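Residues in the sequence shown are numbered consecutively from 52, following the numbering used here. Notes follow the structure.
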Amino acid sequence: MPLLIERADFADPQLRVFLQAHLDDLAPTAPAESRHALDLAALQRPHVRLWTVQDDRRIVGTAALAALEPRHEELKSMRTDPARRGQGIARTLLAHLLQDAKDRGIERVSLETGSMDFFAPARALYLRAGFTPCAPFGSYRDDPNSTYLSRRV
(Lines of atoms letter the chains of each structure in order from A; the text may use other names.)
(Lines give C-alpha, C1' and ligand atoms only; values in the text may rest on other atoms or scores of the structure.)
Protein backbone atom coordinates (compact mmCIF):
# COMPACT_ATOMS: atom_id res chain seq x y z
CA MET A 52 0.00 0.00 0.00
CA PRO A 53 1.46 3.42 -0.94
CA LEU A 54 2.00 6.16 1.62
CA LEU A 55 -1.03 8.39 2.16
CA ILE A 56 -0.53 12.08 2.92
CA GLU A 57 -3.60 13.89 4.18
CA ARG A 58 -4.66 16.67 6.51
CA ALA A 59 -4.59 15.54 10.12
CA ASP A 60 -7.67 14.14 11.82
CA PHE A 61 -7.46 15.58 15.33
CA ALA A 62 -10.04 13.03 16.54
CA ASP A 63 -7.60 10.20 15.77
CA PRO A 64 -6.08 9.03 19.11
CA GLN A 65 -3.05 7.76 17.19
CA LEU A 66 -2.22 11.38 16.30
CA ARG A 67 -2.09 12.46 19.95
CA VAL A 68 0.33 9.60 20.77
CA PHE A 69 2.53 10.35 17.75
CA LEU A 70 2.75 14.06 18.55
CA GLN A 71 3.48 13.40 22.23
CA ALA A 72 6.32 11.08 21.21
CA HIS A 73 7.69 13.99 19.16
CA LEU A 74 7.66 16.29 22.19
CA ASP A 75 9.18 13.55 24.35
CA ASP A 76 12.01 13.01 21.82
CA LEU A 77 12.81 16.73 21.86
CA ALA A 78 12.69 17.22 25.65
CA PRO A 79 16.30 16.16 26.37
CA THR A 80 17.79 18.05 23.41
CA ALA A 81 17.68 21.63 24.75
CA PRO A 82 16.42 23.78 27.62
CA ALA A 83 12.66 24.39 27.60
CA GLU A 84 13.08 27.98 26.37
CA SER A 85 14.92 26.66 23.30
CA ARG A 86 12.30 24.05 22.32
CA HIS A 87 9.72 25.39 19.88
CA ALA A 88 7.66 22.36 18.86
CA LEU A 89 3.92 22.90 18.87
CA ASP A 90 1.70 20.78 21.09
CA LEU A 91 -1.62 19.29 20.01
CA ALA A 92 -3.65 22.37 21.00
CA ALA A 93 -1.32 24.75 19.13
CA LEU A 94 -1.44 22.56 16.02
CA GLN A 95 -5.24 22.95 15.97
CA ARG A 96 -5.14 26.75 15.70
CA PRO A 97 -6.77 28.17 12.55
CA HIS A 98 -3.50 29.48 11.07
CA VAL A 99 -1.84 26.02 11.21
CA ARG A 100 -2.22 23.23 8.65
CA LEU A 101 -1.08 19.79 9.87
CA TRP A 102 -0.60 16.72 7.67
CA THR A 103 0.05 13.11 8.48
CA VAL A 104 1.74 10.42 6.46
CA GLN A 105 0.11 7.03 6.91
CA ASP A 106 1.25 3.60 5.87
CA ASP A 107 -1.51 1.01 6.16
CA ARG A 108 -3.53 3.38 8.43
CA ARG A 109 -0.58 3.85 10.81
CA ILE A 110 0.86 7.37 11.21
CA VAL A 111 4.53 7.35 10.24
CA GLY A 112 5.08 11.09 9.79
CA THR A 113 3.73 14.56 10.49
CA ALA A 114 4.49 18.12 9.44
CA ALA A 115 2.70 21.43 9.61
CA LEU A 116 2.76 24.87 8.05
CA ALA A 117 1.93 27.85 10.25
CA ALA A 118 1.21 31.30 8.86
CA LEU A 119 3.71 33.96 9.92
CA GLU A 120 2.74 36.89 7.71
CA PRO A 121 1.21 37.24 4.25
CA ARG A 122 2.92 34.79 1.86
CA HIS A 123 5.37 33.54 4.54
CA GLU A 124 4.83 30.34 6.52
CA GLU A 125 6.83 28.30 9.00
CA LEU A 126 7.43 24.56 8.80
CA LYS A 127 6.55 23.02 12.18
CA SER A 128 6.28 19.59 13.84
CA MET A 129 8.16 17.65 11.18
CA ARG A 130 8.65 14.12 12.47
CA THR A 131 9.15 10.65 11.05
CA ASP A 132 8.58 7.52 13.11
CA PRO A 133 12.11 6.59 14.29
CA ALA A 134 11.65 3.04 12.98
CA ARG A 135 10.92 4.46 9.51
CA ARG A 136 13.66 7.08 9.19
CA GLY A 137 15.84 6.90 6.10
CA GLN A 138 13.01 5.65 3.88
CA GLY A 139 12.17 8.96 2.17
CA ILE A 140 9.05 9.72 4.21
CA ALA A 141 10.27 13.15 5.37
CA ARG A 142 11.50 14.06 1.87
CA THR A 143 8.12 13.11 0.37
CA LEU A 144 6.17 14.99 3.04
CA LEU A 145 8.36 18.08 2.73
CA ALA A 146 7.83 18.13 -1.05
CA HIS A 147 4.07 17.84 -0.45
CA LEU A 148 4.05 20.79 1.97
CA LEU A 149 6.15 22.97 -0.30
CA GLN A 150 3.79 22.23 -3.20
CA ASP A 151 0.78 23.04 -1.01
CA ALA A 152 2.40 26.33 -0.02
CA LYS A 153 3.16 27.18 -3.65
CA ASP A 154 -0.38 26.30 -4.74
CA ARG A 155 -1.76 28.72 -2.12
CA GLY A 156 0.51 31.59 -3.21
CA ILE A 157 2.98 31.31 -0.34
CA GLU A 158 6.34 32.75 -1.40
CA ARG A 159 8.61 31.75 1.49
CA VAL A 160 8.77 28.89 3.98
CA SER A 161 11.10 29.20 6.97
CA LEU A 162 11.91 26.87 9.85
CA GLU A 163 13.72 26.63 13.15
CA THR A 164 15.46 23.42 14.12
CA GLY A 165 18.01 22.45 16.68
CA SER A 166 21.73 23.09 16.28
CA MET A 167 22.72 19.89 18.13
CA ASP A 168 23.89 16.61 16.56
CA PHE A 169 20.43 15.09 17.17
CA PHE A 170 19.09 17.43 14.46
CA ALA A 171 21.88 16.89 11.90
CA PRO A 172 19.76 14.59 9.68
CA ALA A 173 16.94 17.15 9.67
CA ARG A 174 19.31 20.00 8.77
CA ALA A 175 20.76 17.89 5.95
CA LEU A 176 17.26 17.16 4.62
CA TYR A 177 16.33 20.85 4.61
CA LEU A 178 19.59 21.93 2.97
CA ARG A 179 19.13 19.30 0.23
CA ALA A 180 15.61 20.67 -0.31
CA GLY A 181 16.96 24.16 -1.02
CA PHE A 182 16.67 25.79 2.39
CA THR A 183 19.48 28.18 3.29
CA PRO A 184 20.55 29.70 6.60
CA CYS A 185 18.73 32.88 7.59
CA ALA A 186 18.37 35.23 10.53
CA PRO A 187 15.79 34.48 13.21
CA PHE A 188 12.30 35.27 11.91
CA GLY A 189 8.91 35.91 13.48
CA SER A 190 9.21 35.92 17.27
CA TYR A 191 12.49 33.95 17.33
CA ARG A 192 15.67 35.48 18.76
CA ASP A 193 19.30 34.45 18.39
CA ASP A 194 19.76 31.20 20.28
CA PRO A 195 22.83 28.93 20.15
CA ASN A 196 20.47 25.94 20.36
CA SER A 197 18.65 26.92 17.16
CA THR A 198 19.37 26.92 13.45
CA TYR A 199 17.15 29.06 11.18
CA LEU A 200 16.58 28.18 7.53
CA SER A 201 14.38 29.55 4.78
CA ARG A 202 13.60 29.11 1.10
CA ARG A 203 11.44 30.55 -1.62
CA VAL A 204 8.76 28.24 -2.97
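Ideal Cβ positions, reconstructed from N, Cα and C, are used throughout, including at glycine. Being a predicted model, the structure only gives us computed values, none of them experimental.
Between the alpha carbons of aspartate 107 and leucine 54 lies a gap of roughly 8 Å.
Distances from the CA of proline 97 to each of Phe61, Leu200, Phe188 were compared; the closest alpha carbon is that of Phe61. Between arginine 203 and arginine 159, the C-beta spacing is below 7 Å. In its chain, beyond the 5 residues on either side, Arg86, Ala88 have a beta carbon closer than 6 Å to the beta carbon of leucine 77.
The alpha-carbon of glycine 139 is positioned some 30 Å away from that of proline 121. Of the candidates Glu125, Ile110, Val111, Glu125 places its Cα closest to the Cα of alanine 117.
Distance check between glutamine 95 and each of Asp63, Thr183, Ala81 places Asp63 closest, using alpha-carbon atoms only.
Cα atoms of methionine 129 and histidine 73: separation of roughly 9 Å, rounded to the nearest angstrom.
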